[in-house]
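Shown next, in structure tokens, is the structure this report addresses.
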Amino acid sequence: MRPRWKGKGSAQLALADPMSKIVSKLQSCTTESKSCASLSNEVVLCEAKPEQAKLLNRACFGRPVATVTKGRQWFQLGLEEALYLSNALNCLTIVGEDGSPKDP
1 MRPRWKGKGS
11 AQLALADPMS
21 KIVSKLQSCT
31 TESKSCASLS
41 NEVVLCEAKP
51 EQAKLLNRAC
61 FGRPVATVTK
71 GRQWFQLGLE
81 EALYLSNALN
91 CLTIVGEDGS
101 PKDP
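Residue 1 is where the sequence shown starts when you use UniProt numbering, and the numbers rise one by one after that.
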């Protein structure tokens, strides 16, 4: 059974830019910027630079949070997403409300 693609040209786009490549770019970009995310109740908030925001959207990680500040983009990550970025990809540091790093 072949995968179904929504949208014209989606299959070609996926072949040209596979998910593994997107995740690799996200890992590299996030590691270089030494990204931190704040743990708040059951969500994790992460500030993303424009390139990171684009890659997070492409990889379907989190949800963008609307802000009034131009040039700043925040993402609300679920606990599973934050844990994956933190432990599996080693590219995100999660900090608590007191600012200290948390071990997931």
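Cβ coordinates follow ideal geometry from the N, Cα and C atoms, glycine included.
DSSP, read as helix, strand or coil, puts residue 58 in helix.
Shortest Cα-Cα distance from residue 24 to any of 93, 89, 98, 97 involves 89. Secondary structure note for residue 81: its alpha helix (DSSP H) is the uninterrupted segment 79 to 83. Around the beta-carbon of residue 9, fewer than 16 other beta-carbon atoms lie within 10 Å, marking it exposed. A straight line joining the alpha-carbon of residue 87 with that of residue 67 spans about 28 Å. The C-beta distance from residue 78 to residue 39 rounds to 12 Å, too long to meet the 8 Å contact threshold.
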